[in-house]
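One line per chain: the protein sequences are A and B, in this order.
Oh and the first sequence: position 37 is 85 in the working numbering, straight run, nothing missing.
Oh and the second sequence: position 86 is 101 in the working numbering, straight run, nothing missing.
Backbone N, C-alpha and C fix where the C-beta goes; we use that ideal spot for every residue, glycine too.
Each remark here refers to the structure printed beneath this line.
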Amino acid sequence: MNTTLEFALLANATSLPWTAIPAWPAADFVLATATELNRGARLCAWFGVPESAGTCLVAVLAFDADNTLAVGRSQPFTGAYPALTTIHPQAHLFEREVWEQHGLKPEGHPWLKPVRRANETGNAPANGEFFRVEGGEVHEVAVGPVHAGIIEPGHFRFQCAGEEVLHLEIALGYQHRGVEEALTGGPHLATMCQMETVAGDTTIAHATAHATILEALAGTEAPLRAQWLRAVALELERLANHTGDMGALAGDVAFLPTLSACGKIRGDFLNLTALICGNRFGRGLVRPGGCGRDLESERATQLNERLKSALADTQQALAWFWDAASVRARFELTGTVSHRQANEIGLVGPAARACGLVRDVRYDHPAGWHRFAQAPVAVWPGGDVFARAKVRALEIERSGEYLREQMAAPAEGELRSELAPPAPGTLAVALVEGWRGEVCHVALTNAAGRFRRYKIIDPSFHNWMGLALALRGTAISDFPICNKSFNLSYCGFDL
Amino acid sequence: MFVIDTIAHRLKRGCQTMAYPDGPAPALPDRHGGALKVEAAKCADDCNACVPVCPTQAITRPGGKPVALDLGRCIFCAACVEVCPTQAITQTGDHRMAVRCREDLVLGEPGKEQVRLAVALDAKLRKLFGRSLRLRQVSAGGCAACEADTNVLGTIGWDLGRFGIQFVASPRHADGLLITGPVTKNMELALQKTYAAVPSPKIVIAVGACAIAGGPFIGHPQILNGAASVVPVDLFIPGCPPHPLTILDGLLRWLDRLETP
Numbered sequence: 049m050n051t052t053l054e055f056a057l058l059a060n061a062t063s064l065p066w067t068a069i070p071a072w073p074a075a076d077f078v079l080a081t082a083t084e085l086n087r088g089a090r091l092c093a094w095f096g097v098p099e100s101a102g103t104c105l106v107a108v109l110a111f112d113a114d115n116t117l118a119v120g121r122s123q124p125f126t127g128a129y130p131a132l133t134t135i136h137p138q139a140h141l142f143e144r145e146v147w148e149q150h151g152l153k154p155e156g157h158p159w160l161k162p163v164r165r166a167n168e169t170g171n172a173p174a175n176g177e178f179f180r181v182e183g184g185e186v187h188e189v190a191v192g193p194v195h196a197g198i199i200e201p202g203h204f205r206f207q208c209a210g211e212e213v214l215h216l217e218i219a220l221g222y223q224h225r226g227v228e229e230a231l232t233g234g235p236h237l238a239t240m241c242q243m244e245t246v247a248g249d250t251t252i253a254h255a256t257a258h259a260t261i262l263e264a265l266a267g268t269e270a271p272l273r274a275q276w277l278r279a280v281a282l283e284l285e286r287l288a289n290h291t292g293d294m295g296a297l298a299g300d301v302a303f304l305p306t307l308s309a310c311g312k313i314r315g316d317f318l319n320l321t322a323l324i325c326g327n328r329f330g331r332g333l334v335r336p337g338g339c340g341r342d343l344e345s346e347r348a349t350q351l352n353e354r355l356k357s358a359l360a361d362t363q364q365a366l367a368w369f370w371d372a373a374s375v376r377a378r379f380e381l382t383g384t385v386s387h388r389q390a391n392e393i394g395l396v397g398p399a400a401r402a403c404g405l406v407r408d409v410r411y412d413h414p415a416g417w418h419r420f421a422q423a424p425v426a427v428w429p430g431g432d433v434f435a436r437a438k439v440r441a442l443e444i445e446r447s448g449e450y451l452r453e454q455m456a457a458p459a460e461g462e463l464r465s466e467l468a469p470p471a472p473g474t475l476a477v478a479l480v481e482g483w484r485g486e487v488c489h490v491a492l493t494n495a496a497g498r499f500r501r502y503k504i505i506d507p508s509f510h511n512w513m514g515l516a517l518a519l520r521g522t523a524i525s526d527f528p529i530c531n532k533s534f535n536l537s538y539c540g541f542d543l
Numbered sequence: 016m017f018v019i020d021t022i023a024h025r026l027k028r029g030c031q032t033m034a035y036p037d038g039p040a041p042a043l044p045d046r047h048g049g050a051l052k053v054e055a056a057k058c059a060d061d062c063n064a065c066v067p068v069c070p071t072q073a074i075t076r077p078g079g080k081p082v083a084l085d086l087g088r089c090i091f092c093a094a095c096v097e098v099c100p101t102q103a104i105t106q107t108g109d110h111r112m113a114v115r116c117r118e119d120l121v122l123g124e125p126g127k128e129q130v131r132l133a134v135a136l137d138a139k140l141r142k143l144f145g146r147s148l149r150l151r152q153v154s155a156g157g158c159a160a161c162e163a164d165t166n167v168l169g170t171i172g173w174d175l176g177r178f179g180i181q182f183v184a185s186p187r188h189a190d191g192l193l194i195t196g197p198v199t200k201n202m203e204l205a206l207q208k209t210y211a212a213v214p215s216p217k218i219v220i221a222v223g224a225c226a227i228a229g230g231p232f233i234g235h236p237q238i239l240n241g242a243a244s245v246v247p248v249d250l251f252i253p254g255c256p257p258h259p260l261t262i263l264d265g266l267l268r269w270l271d272r273l274e275t276p
């Protein structure tokens, strides 16, 4: 192995020339990546870049404690390479995806099957064979793709012995809209609104990541006023979703007061985003080079007042919930993911923090406004539904406090600046802590400064495996609360 | 103690369901803008400014013909409103946008400046569904926003149940489908099967720009550009996503449950 090469380091929301990224032969590259992961790095992205002589594998790693990202790549190749998954399970879906998209076969991958491509008929995902547990007492339960509520589609295959779930396999791909493919040659006119709908409940986080990429490629950043407003909108998005999920969790254990209250308050938070930009999900707010709408002082005053009462209502609704022993008893020791498992599969966001992992982009890799103002990382040990609910509740509190502080000291000045065209032959990385966790966008430009490859990793891509593990040994009737405690995105995964 | 506390707080909060439709409709956010109005007669002869700024190609102006804006494709970004030099495209602030026919969303020509709002179901279907409508929701590539703003109608503020409208857990229990998303190819089979499983007579509602025409993803080879490519659609509700009020108005208008149109 070539030991003289080292991963190129960069900070979040910056770029570097493609030629500055070290390239190993494929097998050495896998070893080099494994070595970095061994010493505490985390796999943010792993994807292929087509070249004339084959495909380059690219790895983006995060050294959270050092607040640094690292990038490396393989030399272009075709055919097979030794799987990284056998050493680091967090690579399992990435390697399946690369195999599906570029035909590079990870030798030794324990479960190599499609991620989101269509079947031969072209009217459903190619799910492949499902894992089966054999035995006279074992039965299989298949759920989806269309579910019993107002929710996105996905297929769940449970292997059960009586009530107990021995194994859950999650098959997605139903929502595949061709988001990444459409970005090649971009940015196009429709790109920004597509980025806002990668995962529609995470509009601000994905839009901020994309805008940050374009700003990094232009060698600049958005004006401070826009960075501040993006940070405000990001926390409003977090508040709305966390509050809605707390209500849904209450609903799944038949605790109706909190369900009713949170359903309403979630809308109050969405309406605060609509107060800023007219759209409850923040469409049109974040734009490359800044923001499309401003929060003028009169609006800010209104926002402050309404925020205050929505936060007070939330605290009240959550207090009922935590007070009830019947709620706590249903959550405790249900759907546990261990600290070790969380690390191995590379969980992110509240799901990771509920396993005691201190992992939050706002804190570990601050970019934009988070360089100046951070919220403490909300962590809780245990890894069960209780811990995930607790982390959400803590984050509601911290986001509320953060908003109060930021609204009291807004950045002034320009809202948007003209962006220079993207630099050619450059790779940019942007991480944003969305409400589900780390949203990662990576862009590589061609000689003309257009996107040659654009990779999007929604936090759900890391976390679906966490839900599958949480179900092991749990009663199948606990699936709804386990699912709700993660509340992952289908379309963000399927792209 | 918590039971008493909970009841006390509950009483203190009172009824939180909005007065609409008996009372006035809640206001849309001021920056929402509502439905668009397009007066092609106001267009300057050689002006084409709005066509290239539309991210979903909702606006066309073929040589010599009047400008036409397809509100079904519109994601309400207002880029066209901002560039129009003659105020031919304006925001009305009106939340009402649901239509029965796809063509009723095409705006521009004299007499067709605004959406031609949905008329109520015929007497026979109204008798069947007017006071009890059970819907199965199918997200077919939806981004979770149309889903969320449909879901919100079930919360205490909107209380969809008071109109006898309910989302059910099986197509066998449903009178129709409410579809969101551009209909990905990977959901085509599931959507067909779900539709087939709903007993007749059945109705289909397409909610959002994606379900009407493909939305931001229009033209992608992985999608089918809307629900109508797979099943017959009876009601189109535009938006990205439509405001909950727009969805509720569409449902009530269609079921003839609105006192004032």
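Rounded separation between residue i and residue j - CA only
{"i": "Phe77 (chain A)", "j": "Leu318 (chain A)", "result": "45 angstroms"}
{"i": "Glu143 (chain A)", "j": "Ile504 (chain A)", "result": "15 angstroms"}
{"i": "Leu58 (chain A)", "j": "Arg354 (chain A)", "result": "40 angstroms"}
{"i": "Ala257 (chain A)", "j": "Ala138 (chain B)", "result": "51 angstroms"}
{"i": "Ala437 (chain A)", "j": "Ser533 (chain A)", "result": "6 angstroms"}
{"i": "Leu475 (chain A)", "j": "Ser185 (chain B)", "result": "47 angstroms"}
{"i": "Pro81 (chain B)", "j": "Leu122 (chain B)", "result": "10 angstroms"}
{"i": "Asn544 (chain A)", "j": "Ala399 (chain A)", "result": "Lying outside 49 to 543, the shown extent of chain A, residue 544 (chain A) is not represented and no answer is given."}
{"i": "Ala23 (chain B)", "j": "Arg376 (chain A)", "result": "21 angstroms"}
{"i": "Ala107 (chain A)", "j": "Arg25 (chain B)", "result": "53 angstroms"}
{"i": "Ala209 (chain A)", "j": "Ala219 (chain A)", "result": "21 angstroms"}
{"i": "Arg87 (chain A)", "j": "Val248 (chain B)", "result": "56 angstroms"}
{"i": "Thr493 (chain A)", "j": "Pro36 (chain B)", "result": "53 angstroms"}
{"i": "Arg501 (chain A)", "j": "Ala365 (chain A)", "result": "45 angstroms"}
{"i": "His290 (chain A)", "j": "Gly330 (chain A)", "result": "16 angstroms"}
{"i": "Pro162 (chain A)", "j": "Glu188 (chain A)", "result": "21 angstroms"}
{"i": "His47 (chain B)", "j": "Ala159 (chain B)", "result": "19 angstroms"}
Closer than 7 angstroms at the beta carbon, the chain A residues around residue i
{"i": "Arg231 (chain B)", "result": "Correcting the residue type first, residue 231 (chain B) is Pro in the shown sequence and not Arg. By Cβ distance, chain A contributes Ala238, Cys241, Gln242 and Thr245."}
Partners in chain B for residue i, counting only beta-carbon separations shorter than 8 angstroms
{"i": "Ser537 (chain A)", "result": "Ala159"}
{"i": "Lys14 (chain A)", "result": "Only positions 49 to 543 of chain A appear in the structure, and residue 14 (chain A) is not among them; the question remains open."}
{"i": "Ile252 (chain A)", "result": "Simply none; closest approach about 12 angstroms."}
Beta-carbon spacing of residue i, residue j below 8 angstroms
{"i": "Asp109 (chain B)", "j": "Gly49 (chain B)", "result": "yes"}
{"i": "Val98 (chain B)", "j": "Cys65 (chain B)", "result": "yes"}
{"i": "Glu263 (chain A)", "j": "Pro173 (chain A)", "result": "no"}
{"i": "Arg117 (chain B)", "j": "Phe251 (chain B)", "result": "yes"}
{"i": "His418 (chain A)", "j": "Gly404 (chain A)", "result": "no"}
{"i": "Asp542 (chain A)", "j": "Arg164 (chain A)", "result": "yes"}
{"i": "Ala113 (chain B)", "j": "Arg272 (chain B)", "result": "no"}
{"i": "Tyr222 (chain A)", "j": "Met33 (chain B)", "result": "no"}
{"i": "Leu64 (chain A)", "j": "Ala56 (chain A)", "result": "yes"}
{"i": "Arg484 (chain A)", "j": "Gly397 (chain A)", "result": "yes"}
{"i": "Gly241 (chain B)", "j": "Val198 (chain B)", "result": "yes"}
{"i": "Ile252 (chain A)", "j": "Ala281 (chain A)", "result": "yes"}
Burial state of residue i (16 or more Cβ within 10 Å)
{"i": "Thr52 (chain A)", "result": "exposed"}
{"i": "Ala190 (chain A)", "result": "exposed"}
{"i": "Ser357 (chain A)", "result": "exposed"}
{"i": "Thr67 (chain A)", "result": "exposed"}
{"i": "Pro44 (chain B)", "result": "buried"}
Contact list for residue i against chain A, beta-carbon separation under 9 angstroms
{"i": "Cys58 (chain B)", "result": "Neighbours of Cys58 (chain B) on chain A: none; closest Cβ ~21 angstroms, over 9 angstroms."}
{"i": "Lys200 (chain B)", "result": "Ala166, Gly170, Asn171, Ala172 and His224"}
{"i": "Ala184 (chain B)", "result": "His195, Ala196 and Gly197"}
Beta-carbon neighbours of residue i, restricted to chain B and to distances below 7 angstroms
{"i": "Ser308 (chain A)", "result": "Ile171"}
{"i": "Val194 (chain A)", "result": "Val153, Ala205 and Thr209"}
{"i": "Gly332 (chain A)", "result": "Cys92"}
8 angstroms Cβ cut-off: residues of chain A touching residue i
{"i": "Asp164 (chain B)", "result": "Arg328"}
Of all the alpha helix (DSSP H) runs that stay within the bounds of the region 177-245 of chain A, which reach a length of 4 or more residues? For the region 177-245 of chain A, whole alpha helix (DSSP H) runs of length 4 or above, ordered along the chain, are 227-231 and 239-243.
Could you pull out every unbroken alpha helix (DSSP H) segment of at least 4 residues lying fully inside the region 186-244 of chain B, listed in chain order? Correct list: 203-212 and 223-228.
Runs of 3 residues minimum, wholly inside the region 119-172 of chain B: which ones carry the beta strand (DSSP E) assignment? If we require 3 residues or more, the beta strand (DSSP E) runs fully inside the region 119-172 of chain B come out as 148-154.
Could you give the uninterrupted runs of the beta strand (DSSP E) lying entirely in the region 116-153 of chain A, keeping only those of 3 residues or more? For secondary structure counted as the beta strand (DSSP E) over 3 or more consecutive residues, the region 116-153 of chain A holds these complete runs in sequence order: 116-122 and 128-130.
List in chain order: all unbroken alpha helix (DSSP H) runs of 4+ residues lying wholly within the region 247-297 of chain A. For the region 247-297 of chain A, whole alpha helix (DSSP H) runs of length 4 or above, ordered along the chain, are 251-265.
Can you check the region 33-103 of chain B for any beta strand (DSSP E) of at least 3 residues that lies completely inside it and give the ranges in chain order? Counting only runs of 3 or more, we get 51-53 and 83-85.
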